[in-house]
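The opening residue of the sequence shown carries number 80 in my numbering; numbering runs sequentially from there.
Single-structure report; data block below.
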Amino acid sequence: MNYYQLSKEDVAKSLDTNLKTGLTQEKANNNLKKYGKNKLIEPKKRSLILKFFDQLMDFMILILFIASILSFVTKDIFEGIFIIAIIFINAIIGVIQEAKAEKSLKAIQKLSSPHAKVIRDGVDILIDAEDVTVGDLVILQAGDYVPADLRIIESVNLKIDESALTGESLPVEKKTLALENKEIALGDKINLGYMSTVVTYGRGLGIVTNIGMKSEIRKIATMLSEAKNDQTPLQKSIAKLGKTLAIIAIIISIVIFAINIVETYVHNSMVIWEDWKNALMASIALAVAAIPEGLPAIITIVLAIGMQNLARQKAIMKSLPAVETLGSTSVICSDKTGTLTQNTMTVTHLYLHEKVSSLNEIKPSTKLDKLALYGLLSNDTKVNLDENGNYLKIGDPTEIAFIDLAINLGYNPINLIAENKRIFELPFDSERKLMTTVHDFNDGRYAIIKGAPDIIFNKSNDNESIINNYQQANQKMTSDALRVLAIAYKKIDANLNVDEMTPNLLENELTLLGLVGMIDPPRPEVKKAVETAFNAGIQTIMITGDHKNTAVAIAKELNIITNDQDIAITGLELDSMDDETFNQKLKYIKVYARVSPENKVRIVKAWKANQNIVAMTGDGVNDAPALKEANIGIAMGITGTEVSKGAADLVLTDDNFTTIVNAVSEGRGIYANIQKAIHFLLSCNSGEIIAIFLGTLIGSLVLSGAIMPLTAIQILWVNLVTDSLLAISIGLEKKEKDIMEEKPRDPNKSFFADGIGIRIIWQGIMIGLLTFGAYLLGYYIDQLTGIPIDNTLSIIKGSTFAFMVLSLSQITHSFNIRSESKSFLKLPLNKWHIGAVLVSTFLQIVTIIFPFSRNLFGIVALNWYEWLIVLSLSLLPLVIVEIQKLLIYLIKNKKRKEA
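Below, the structure written as structure tokens:
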């Protein structure tokens with residue numbers, strides 16, 4: 080149906096809705112069942128089978144496949160089957176974790192999904208955009224996404240950006256009258272609104288005509304469904320690390336294989352099949368040892384749980400890359416109002432009778448009454464009474480302050496608004512910085528103009544002396560950190576047609592009425608948060624539309640400005656600077672006042688050009704470009720428009736600056752835990768490689784031939800059962816208390832920087848030496864205790880010692896990884912880690928208790944003193960690293976005292 084050709088009454092009739100009260104809730108529910116949800120085609124979900132094969136396509140897993148094939152070649156059928164079983168179990172775990180992560184991400188994203196304001200049963204309500212249905216009466220305001228295709232029935236200077244659909248670069252001004260033309264281009268249907276377009280100006284009402292895949296935007300829905308999920312920087316690093324480890328595994332396996340074959344040939348002058356088999360088994364074991372099989376699943380689990388924790392702390396991350404980037408933030412560009420302050424404006428001073436007076440000092444007068452009335456009428460706040468007779472005020476905090484002023488002076492705002500109907504309005508916008516409404520009073524028709532004082536002063540027809548007095552009063556009030564708005568009026572012709580009421584006509588030749596000074600006090604917790612950010616090497620920059628003096632006063636109170644070098648500039652001053660000058664002053668500018676959207680983008684780009692990771696807050700439609708330009712765009716969940724939320728990476732559900740700092744802290748903690756988990760896995764895998772390498776090298780050079788301290792099955796068990804559980808628990812470690820005393824992490828810095836690579840190597844050597852030493856002890860223990868030597872039994876017992884010491888020493892080593900410098904005894908309890916230690920220890924003991932498990936892993940039972948040796952060796956990593964931490968602490972403490 081061509082709704083653009085129908086009158087709004089006919090549209091309402093055809094869709095069985097009401098132009099005033101909208102749908103009834105019952106009718107809305109019926110329409111939802113009839114038409115379905117208001118959503119576009121979703122990206123095609125990969126089947127479980129494809130997700131399963133994705134897990135098998137990892138380069139590290141391919142190495143394991145090769146190892147299993149080689150096991151079959153050497154006729155070690157059971158080992159080959161076991162490796163394949165482990166591969167498939169790992170793939171299943173990966174699919175399960177991916178599904179959990181997707182579910183968590185979807186739940187988190189739902190918290191920041193678009194909403195729509197509709198009228199149902201005559202009441203304004205906020206609902207999820209996907210619950211909008213045909214016939215709904217939708218309220219449109221600047222900054223909103225249009226939730227569905229609409230027939231516009233009311234337009235107050237309503238303009239919509241339809242570039243995403245039609246390619247039209249300029250916003251389209253919407254009209255309400257029916258159009259007569261039958262054949263008309265989409266962009267020329269000026270009485271229609273389209274799903275996913277953006278309201279840039281004014282306000283209006285529309286009746287929903289089509290939803291979801293029946294809307295015009297459906298034509299580009301297929302392109303939306305084909306959007307790809309890029310790997311995060313961390314995921315790319317892990318993938319690169321996996322390939323590097325696999326290549327290392329191949330190289331070392333070939334070297335081990337060659338050493339074994341050469342050593343056999345040197346000793347025996349020939350190489351028989353059994354020798355080839357032994358050499359292949361050693362290579363298989365080493366290849367398996369080099370691969371941290373559980374790493375991809377561990378990263379996914381830690382990131383997903385990290386996002387859930389952030390959401391619980393009122394910071395909704397919309398993507399995994401944002402979690403990683405968050406911890407590297409070095410500059411926070413924060414809006415003032417509502418984020419640094421309480422967003423509860425209170426009128427404290429007025430300029431009326433050629434004097435700035437506090438509310439307590441001012442005396443009743445006709446001028447005061449007029450000021451209160453005009454501030455009340457030129458206002459979009461919705462005022463109602465609750466069941467207890469208290470005023471409920473919904474609107475912008477600045478406008479609510481005018482309502483509160485009228486109430487405090489004894490007026491009933493509900494009655495006054497009803498008695499003085501608004502005839503016409505020019506909504507506030509960031510370019511004009513004015514709001515104008517037109518009303519009829521007993522003595523004629525008046526335009527009431529409210530807005531930025533400097534703009535209104537320039538449009539006043541008062542004499543120069545009066546304007547000068549106003550300017551001085553404005554200067555005094557702003558220097559006292561007050562937000563100042565001017566109110567003026569203009570008497571206009573009562574016969575003037577609404578179509579003739581242009582900004583140029585209404586907002587010139589004005590008569591000044593007064594200045595209203597109000598303050599939005601800082602949030603009490605923000606000062607501490609700014610200090611925390613500073614100690615963490617993060618600069619806080621205030622960006623505001625307020626007057627410079629007001630901004631500076633708040634900045635000083637919050638310690639954003641702390642010395643004479645710190646400066647504040649306006650948007651106009653920024654415009655006058657070339658890039659070179661701006662770059663020179665950048666680090667000293669702590670406050671930007673009266674800025675434009677273009678200014679914000681320039682500020683973000685400048686900080687990024689200086690190698691900073693920039694977080695930028697915003698709540699309006701004009702903030703979207705700066706939010707997209709920033710490394711982390713942060714939208715306000717309460718006051719933010721749908722456009723700003725859509726452009727952001729992070730949505731604050733409490734609009735609080737402190738939440739940003741807390742989120743940065745959590746981001747640092749998440750990355751640190753991932754780093755610890757990888758550190759743990761790589762140091763353990765390095766130990767396995769070193770143990771096998773020593774067995775081959777020392778066995779070939781010193782003993783009668785290469786020895787195998789560990790089998791592939793044993794290593795797989797340790798890697799996937801013991802290591803993975805412990806690594807996950809380390810990834811869930813509570814962040815260290817001093818994490819916000821460190822400088823921001825350089826996202827380009829190597830994962831192995833700051834000594835991590837060295838610690839991985841020496842800890843790997845420690846575990847490798849202990850494992851190989853345990854093998855030798857197990858091999859020779861019977862000889863040392865006078866028991867006749869059985870070579871086969873000695874080999875199995877040596878392998879048993881190595882297997883048990885490797886697994887149990889890695890369990891004790893996990894306590895070392897929890898903190899780089901602090902003793903594990905001084906760390907808070909991590910219930911996940913304790914649980915992982917108990918489960919891993921239990922599973923490891925199970926392998927040696929039952930005969931079938933001993934046969935499976937090729938080990939034998941141990942007596943009490945053999946267990947004593949195993950446990951003593953297994954505790955050594957914890958003892959050694961604890962001693963190292965103590966020595967480092969004593970050395971540093973001594974240097975501090977000497978300094």
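In this text, a Cβ means the ideal position worked out from N, Cα and C, and glycines have one as well.
Residue burial classification, N553 (beta-carbon count within 10 angstroms, cutoff 16) = Flag for N553 reads buried.
If you draw a straight line from the C-alpha of A306 to the C-alpha of L665, how long is it?
-> With a pLDDT of only 38 at A306, under 50, the local geometry of the prediction cannot be trusted, and the value read off the model is given with reservation. Rounded to the nearest angstrom, the two C-alpha atoms are 37 Å apart.
Cβ separation of S803 and I165, assumed to be a contact under 8 Å, to the nearest whole Å = Not really, about 11 Å apart at Cβ, beyond 8 Å.
Given A881 as reference, the closest of W946, F929 and D657 once Cα atoms are compared | Closest by alpha carbon: W946.
Could you please give me the residues that DSSP links to C412 through a beta bridge?
-> Paired residue(s): I620 and M695.
Quick one: what's got a C-beta closer than 8 Å to I263's C-beta in the same chain, skipping five residues either side?
-> Non-local C-beta neighbours of I263 in its own chain, meaning closer than 8 Å and more than five positions away in sequence, comprise Y83, ordered along the chain.
State the CB to CB distance for the pair L637 and P601, rounded to an integer number of angstroms; the pair is presumed to be in contact (CB under 8 Å).
-> With a Cβ gap of about 6 Å, L637 and P601 count as contacting.
Nearest candidate by alpha-carbon position, reference L324, set G697, H626, G474 and I757 | For the residues G697, H626, G474 and I757, the minimum Cα distance to L324 belongs to I757.
Candidates A526, I874, V605 and T590: closest to D861 by CA position | Checking every option, the nearest Cα to that of D861 belongs to I874.
In chain order, which beta strand (DSSP E) runs of at least 3 residues are fully inside the segment 551 to 614?
-> The segment 551 to 614 contains these whole beta strand (DSSP E) runs: 562 to 571 and 590 to 598.
Proximal residues to Q550 (C-beta, below 7 Å), its chain only, five neighbours per side dropped | The residues are F536.
Excluding the five sequence neighbours on either side, which residues of its own chain have a C-beta within less than 8 Å of the C-beta of T920, listed in chain order?
-> Answer for T920: L887 and I890, listed in chain order.
Classify V983 as buried or exposed, calling it buried when 16 or more other Cβ atoms lie within 10 Å of its own Cβ.
-> Nothing about residue 983 can be reported from this structure: the residues present for the chain run from 80 to 978 only.
Just confirm the distance between the C-beta atoms of S413 and I622, as a whole number of angstroms; I'd bet it's less than 8 Å.
-> Sure, about 7 Å apart at Cβ, within 8 Å.
May I ask you to report which of helix, strand or coil DSSP gives H432?
-> Coil, per DSSP.
Report back the beta-carbon spacing between K669 and D645 to the nearest angstrom; my notes put them in contact at under 8 Å.
-> Going by Cβ atoms, the distance from K669 to D645 rounds to 5 Å, so yes, they are a contact pair.
Could you tell me which of G616, G222, R230 and S509 sits nearest to N270, measuring between CA atoms?
-> The residue with the shortest Cα to Cα distance from N270 is R230.
Alpha carbon to alpha carbon, what distance is there between P907 and G748?
-> If I take the Cα positions, the gap works out to 15 Å.
Nearest to L922 by alpha carbon, out of I962, K974, N798 and L965?
-> Nearest option by C-alpha distance: N798.
List the DSSP bridge partners of D210.
-> D210 pairs with nothing; no bridge assigned.
Which residue or residues does DSSP assign as beta-bridge partners of K196?
-> Under the DSSP definition of a beta bridge, K196 partners with L205 and I218.
Among residues of its own chain, excluding the 5 on either side of A705, which ones have a beta-carbon nearer than 7 Å to its beta-carbon?
-> Same-chain partners within the cutoff: P676, K679, V680, V683, M695 and G697.
Local conformation of Y944 per DSSP, three classes | DSSP, read as helix, strand or coil, puts Y944 in helix.
Which whole runs of the alpha helix (DSSP H) in the segment 890 to 948 are 4 residues long or more, in chain order?
-> Every alpha helix (DSSP H) stretch that sits fully inside the segment 890 to 948 and reaches 4 residues is listed by chain position as 910 to 928 and 930 to 936.
Kindly list the residues whose CB is nearer than 8 Å to the CB of Y667, restricted to its own chain and excluding five residues on each side of it in sequence; keep chain order.
-> Listed in chain order, the non-local C-beta contacts of Y667 below 8 Å within the same chain comprise Q644, D645 and I646, local neighbours out to five positions each way being set aside.
Where do the ends of the beta strand (DSSP E) carrying D240 lie?
-> D240 -> beta strand (DSSP E) spans D228 to D240.
Looking only at its own chain, which residues have a Cβ that is under 7 Å from the Cβ of T255, when we skip the five neighbours before and after it?
-> If we look at T255 and ignore the five residues flanking it on each side, its Cβ neighbours are K87, I231, I232, E233, S234 and N270.
Could you tell me which residues DSSP pairs with I326 in its beta bridges?
-> DSSP output for I326 lists no bridge partner at all.
Measure the C-alpha to C-alpha separation of Y750 and K687 and round it to an integer number of angstroms.
-> Taking the straight line joining both Cα atoms gives about 21 Å.
Which class does S348 belong to by DSSP, given the choice of helix, strand or coil?
-> Residue state, collapsed to three classes: coil.
Own chain, CB closer than 6 Å to I717, minus 5 neighbours either side, in chain order = Here I717 has D734 as same chain residues with Cβ atoms under 6 Å from its own Cβ, once five neighbours each way along the sequence are excluded.
Best match in A940, I633, W841 and T801 for proximity to A915 [C-alpha to C-alpha] | The option with the nearest alpha carbon to A915 is T801.
When the distance is taken between beta carbons, is N117 closer than 7 Å to G1015?
-> Since the first and last residues shown for the chain are 80 and 978, residue 1015 lies out of range.
Between which two residues does the alpha helix (DSSP H) harbouring L706 extend?
-> Run containing L706: A703 to E708, per the alpha helix (DSSP H) assignment.
Give a yes or no on whether the C-beta atoms belonging to Y453 and I566 are separated by under 7 Å.
-> Yes.
With a Cβ-Cβ cutoff of 7 Å, do E745 and L389 count as a contact?
-> Yes, the Cβ-Cβ distance between E745 and L389 is below 7 Å.
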